[in-house]
Amino acid sequence: MGAPRIAIWKFASCDGCQLSLLDCEEALLELAGAVRISHFLEASSRVEAGPYDLSLVEGSITTAQDAVRIREIRAASARLVTIGACATAGGIQALRDTRDLDALKRSVYPDPALIEVLERSTPVSDHVAVDAELRGCPVSRRDLLELVAASLAGRRPDLPDVAQCAECKRAGTVCVMVATGTPCLGPVTRAGCGNLCPRIGRGCYGCFGPVEGANCAAMSAQLRDLGMTAGEIMALYRGFNAGAQPFAEEAARHE
Amino acid sequence: MRECYALDDPRLLLENFLAAGWRVIAPVLSEGALVPDVVQDADDLPRGILDSQAPGHYRLEEGATRRWFDAVVGPRGWKHWLHPPERRLWRALRNEDGFEIRPEVEDWPPTIFFGVRACDLAAIARQAEVFRRAADPAHATRVSATRIVAVNCGRSARTCFCVSTATGPRAEDGFDLALTETDEGMLVEVGTDAGASLLEGLGLRRASDHMRARARARIAEAAASQTRALPKDVAKRLPEAAESPRWEAIAKRCLHCTNCTAVCPTCFCTDIVDRTDLSDQRAERWERWDSCFTPGFSEVHGGPVRSSGAARYRQWMTHKLSGWHQQFGTSGCTGCGRCITWCPAGIDLVAEARALTEGD
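Have a look at this one:
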C-alpha cells in the first residue's frame with residue numbers, strides 16, 4: 001500500500017487556508033513524508049489524476065461550473081473535508097446574499113453582463129456530502145495537521161467543538177466582556193483560533209463561525225447592554241461567517 | 001487558641017519566601033483582573049485596589065485606602081494550578097517490540113499559595129475529595145507540596161455569599177498561615193507547624209489582644225455586608241423544582257459558553273483525548289477541562305443525553321447545590337460568586353436558586 005493520496009482544491013476564496021498548510025513549516029516536511037500530495041496547485045504544478053484518499057476543499061461555490069466541479073471532486077475522493085469559512089459557511093463573499101445581486105454587479109463592474117455567478121455563495125456542504133469541516137478564517141495549522149494525522153491513523157480527529165470562551169478560560173485569558181465591557185462574539189463562536197483576539201484585549205469577531213447551539217438572541221441582548229446599536233450588531237454577525245445560519249438569522253433580525 | 005503575630009508589611013513574608021527558594025503564587029494584576037500567578041518580586045503584590053463585582057461585571061479601581069487585600073477573588077482560581085486546564089497524561093513511542101509508554105513526570109516545585117480566601121480553601125478541600133475518590137493522585141501530590149497562606153476577608157464583593165454556604169469569610173482550617181489586615185497591620189495566625197516554620201527568623205512580635213479583636217471585627221464587617229445568600233434548604237428543594245418552567249427562562253438567557261464551569265473553583269469535569277502524530281510513531285493521551293454545558297459532554301450513541309440548554313443548566317446547578325451532598329457529603333458551592341460575576345449574560349446563581357426554591 002502506497003502513501004495516502006491527498007488533493008487540495010480551491011473554489012471562491014482568498015487562498016489563505018491553503019497558505020496555512022504551506023505555513024506548517026517543519027511539520028510540512030513530516031506531512032510530505034507521510035502522504036503523497038497529488039493535487040495542490042498552490043504548491044506545485046504537478047497534477048495527478050484521482051481517485052484521492054483525502055480531498056481538502058477551500059472556497060465557496062459561487063458559479064455553475066463550481067457546482068459541477070465539486071461533484072467531480074467528491075466522486076474522486078474517498079474522504080472530503082472542507083477547510084475554512086468560505087467552504088464551510090460561504091465566506092465573506094456570502095455578504096452578497098443579503099443584497100440584490102444585479103444591483104451589486106452594476107455597482108462594481110463596468111460590464112455587469114459578463115459576470116455569471118449563482119444567486120448565492122454557498123458552502124460546499126450544500127452541494128455534496130462532507131466528511132468533516134475545519135472552521136476558521138483561516139483554519140488553524142493545528143487543526144489541519146490533526147485532521148491529516150487522524151485520517152492516517154483511522155481515528156476521529158480532535159477538533160474543537162466548544163465555545164471560544166472555553167479556549168479563553170483554559171488559556172487563562174481574562175474575559176474582555178466582563179472585565180472591560182468589550183463586545184465579543186466568543187460565547188457563540190466555536191473555539192479553535194487560539195483565542196487570538198481576547199488575549200490581546202479585543203473582542204472575538206466570530207472567525208470560526210457559530211458553535212453548536214449558539215444562543216445568538218441572548219448574545220445580542222448583551223451586545224445591546226454594552227451599547228452596540230442594531231446596525232453594529234448586524235455588522236458584527238456579518239463577517240467571515242455571514243452565511244452561517246445562526247449568524248445570518250441574527251443579523252437579519254437587526255436589519 | 002492559635003498563636004498570632006503582628007506584621008507591618010506582607011511583602012516581608014514574600015521576600016522571605018522568595019529568598020528561601022519557594023515558588024510563590026499570589027493574586028497579581030493581569031489583563032485588568034486579579035489572578036494567581038508566579039511572583040518574582042515582593043513588589044508584584046498589588047496594593048490599594050478595589051474590585052467592583054456584579055452579575056456579568058468586574059472592574060478594578062483605585063481604593064480610598066492603601067490596603068493590600070480589599071479586592072477579593074478574580075476569575076482564575078487556584079484550580080488553574082491544582083487541576084490544570086490541559087495536561088498530558090502519558091506518551092507512547094513505537095519501538096522494536098511494539099511500543100513503550102512513558103508516563104508524564106510533573107515538576108511541581110515547593111510552592112506557597114499566598115492570599116487564598118476562605119471560599120477557595122473550601123474549594124481546594126472539596127476538589128481534593130473528588131480526586132481522592134477518583135483515585136487520581138495528581139491533585140493530592142500538588143497540594144501536599146504546597147503551603148497555604150490564607151487571607152481572611154475584611155471586605156466582601158457584592159457577588160460574595162460565603163456566609164450562607166458556611167465557608168467564609170474567615171479561614172477556619174486548611175491553611176498554614178492566615179493573614180487578617182487591620183489598621184494596625186497584619187494579624188498572622190499560625191495554622192500548622194509548617195506555617196510556624198515559615199515565620200522562623202522573621203522576629204515577629206506577638207499580636208496584642210486588641211489587634212486580634214480588630215481582626216475579628218473586620219471579618220465580621222465583611223460577613224455582615226454580604227447581600228446575597230443561598231436559601232438554607234436549597235439542597236432539598238432544588239430537585240423538587242426539576243420541572244419548573246424557570247429552567248427554560250434561564251436557558252433563554254444562558255449562552256451555554258461554559259464560563260461558569262470554568263471559573264467555578266470546584267467544577268472538576270474533564271475530557272480525555274488521544275492524539276497520534278503524522279509519523280505514526282508517537283501517541284499521546286491528554287486530559288483537559290470539559291463542561292456539562294456543551295452538547296458533546298453528554299453525547300452517547302444517538303446524541304446527547306441533555307440536548308437542551310435548560311437540561312444542561314439544570315444539571316449543573318442541581319448537581320452543584322444538591323447532588324454534591326449525596327455524592328461527596330458537602331455542597332459543591334463555596335459562595336465565591338465567580339459564576340455570577342463571570343457569566344457574560346449576568347445570570348445570578350443565587351437569585352435563580354431563590355426563585356426556583358420559592359416556587360417561582
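These protein sequence lines are chains A and B, in that order. Residue numbers 1 to 255, in UniProt numbering, belong to the letters of the first sequence in order. Residue numbers 1 to 360, in UniProt numbering, belong to the letters of the second sequence in order. Glycine is no exception: its CB is placed at the ideal position from the N, C-alpha and C atoms. Keep in mind it's a predicted model, so treat the numbers as computed, not measured.
Taking only three categories from DSSP, how would you classify residue i?
i, result
"B/Arg59", "strand"
"B/Cys267", "coil"
"A/Arg36", "strand"
"B/Gly296", "helix"
"B/Phe114", "strand"
"A/Tyr237", "helix"
"B/Val188", "strand"
"B/Leu179", "strand"
"B/Phe99", "strand"
"B/Cys4", "strand"
"B/Thr146", "strand"
"B/Gly303", "strand"
"B/Ser291", "coil"
"B/Asp360", "Below a pLDDT of 50, predicted positions are generally treated as unreliable, and B/Asp360, at 46, falls in that range; no measurement from the model is reported."
"A/Pro210", "strand"
"A/Asp126", "helix"
"B/Lys252", "helix"
"B/Trp22", "coil"
"B/Arg285", "strand"
"B/Thr165", "coil"
For the candidate residues the options, whose alpha-carbon lies nearest to that of residue i?
i, options, result
"A/Ala76", "A/Ser151, A/Ala217, A/Leu56, A/Leu29", "A/Leu56"
"A/Cys17", "A/Gly91, A/Thr62, A/Ile37, A/Arg74", "A/Gly91"
"B/Asp44", "B/Gln53, B/Ser30, B/His57", "B/Ser30"
"B/Val72", "B/Asp280, B/Asn95, B/Cys162", "B/Cys162"
"B/Glu129", "B/Gly303, B/Leu356, B/Cys292, B/Phe268", "B/Phe268"
"A/Ala54", "A/Ala67, A/Ser38, A/Gln65", "First, the residue type needs correcting, since residue 54 of chain A is Leu and not Ala in the sequence shown. When each option's Cα is compared against that of A/Leu54, the closest is A/Ser38."
"B/Arg47", "B/Gly98, B/Ala311, B/Ala262, B/Glu181", "B/Glu181"
"A/Glu26", "A/Ala49, A/Cys184, A/Arg142, A/Ile70", "A/Arg142"
"B/Pro231", "B/Arg282, B/Gly302, B/Ser322, B/Ala157", "B/Ser322"
"A/Cys216", "B/Arg133, B/Arg206, B/Ala251, B/Trp108", "B/Ala251"
"A/Gln65", "A/Ala230, A/Ala32, A/Ile115", "A/Ile115"
"A/Glu42", "A/Ala7, A/Ile233, A/Thr229", "A/Ala7"
"B/Gln40", "B/Ala138, B/Phe17, B/Tyr58, B/Asp51", "B/Phe17"
"B/Asp277", "A/Leu226, A/Leu185, A/Leu29", "A/Leu29"
"A/Asp158", "B/Gly296, B/Val190, B/Lys236", "B/Gly296"
"B/His57", "B/Phe113, B/Gly174, B/Cys339", "B/Cys339"
"A/Gly213", "B/Phe293, B/Ser331, B/Gly329, B/Arg94", "B/Phe293"
"A/Val124", "A/Arg238, A/Glu58, A/Leu196", "A/Glu58"
"A/Pro4", "A/Pro51, A/Val108, A/Arg238", "A/Pro51"
"B/Glu15", "B/Pro27, B/Val38, B/Ala6, B/Ala42", "B/Ala42"
Just mark residue i as buried or exposed, buried being the case when its beta carbon has 16 or more other beta carbons within 10 Å.
i, result
"B/Trp90", "exposed"
"B/Met1", "exposed"
"A/Ala244", "buried"
"B/Pro103", "exposed"
"B/Asp360", "Reliability fails at B/Asp360, whose pLDDT of 46 lies under 50, so the model's placement of it is uncertain and the value that follows must be treated cautiously. Flag for B/Asp360 reads exposed."
"B/Arg132", "exposed"
"B/Phe99", "exposed"
"B/Cys215", "Looking at the sequence shown, residue 215 of chain B is not Cys but Ala. Its Cβ being crowded by 16 or more others within 10 Å, B/Ala215 is buried."
"A/Arg99", "exposed"
"B/Ala241", "buried"
"B/Trp342", "buried"
"B/Leu82", "buried"
"B/Asn95", "exposed"
"B/Leu202", "exposed"
Near-chain A residues of the stretch 35-58 of chain B - C-beta to any C-beta below 9 Å: Val35, Asp37, Gly56, His57, Tyr58
The stretch 191-202 of chain B contacting the stretch 82-89 of chain B, beta-carbon criterion three pairs below 8 Å: no
Cβ-based contacts, 9 Å cut-off: residues of the UniProt domain "4Fe-4S ferredoxin-type" (324-352) of chain B near chain A: Thr341, Trp342, Cys343, Pro344, Ala345, Gly346
Segment contact, 8 Å Cβ cut-off, at least three pairs: the stretch 103-118 of chain B with the stretch 143-155 of chain B: yes
Residues within the stretch 252-283 of chain B neighbouring chain A, beta-carbon criterion of under 8 Å: Lys252, Arg253, Cys254, Leu255, His256, Cys257, Thr258, Asn259, Ala262, Val263, Val273, Asp274, Arg275, Thr276, Asp277, Leu278, Ser279, Asp280
Where the stretch 71-99 of chain B meets chain A: residues whose CB sits under 7 Å from a CB there: Pro75, Arg76, His80, Pro85, Glu86
Against chain B: residues of the stretch 210-242 of chain A by CB proximity under 9 Å: Val211, Glu212, Gly213, Ala214, Asn215, Ala217, Ala218, Met219, Ala221, Gln222, Asp225
Residues in the stretch 177-189 of chain A having any Cβ partner in chain B nearer than 9 Å: Met177, Val178, Ala179, Thr180, Gly181, Cys184, Gly186, Pro187, Val188
Three-pair Cβ contact test at 8 Å for the stretch 165-180 of chain A versus the stretch 142-151 of chain A: no
The stretch 30-41 of chain A: positions lying closer than 9 Å to chain B by Cβ: Glu30, Leu31, Gly33, Ala34, Val35
Cβ-based contacts, 8 Å cut-off: residues of the stretch 299-314 of chain B near chain A: Gly309
Residues of the stretch 14-33 of chain B whose Cβ lies closer than 8 Å to any Cβ of chain A, in chain order: Ser30, Glu31, Gly32, Ala33
At least three beta-carbon pairs within less than 8 Å, the stretch 9-25 of chain B to the stretch 180-190 of chain A: no
The stretch 151-164 of chain A in contact with the stretch 251-263 of chain B per 3-pair CB rule at 8 Å: yes
Residues of the stretch 140-156 of chain A with Cβ closer than 8 Å to any Cβ of chain B, in chain order: Leu145, Glu146, Val148, Ala149, Ala150, Leu152, Ala153, Arg155
Interface positions of the stretch 164-191 of chain B facing chain A (Cβ-Cβ less than 9 Å), listed along the chain: none
Three-pair Cβ contact test at 8 Å for the stretch 131-140 of chain A versus the stretch 172-181 of chain A: no
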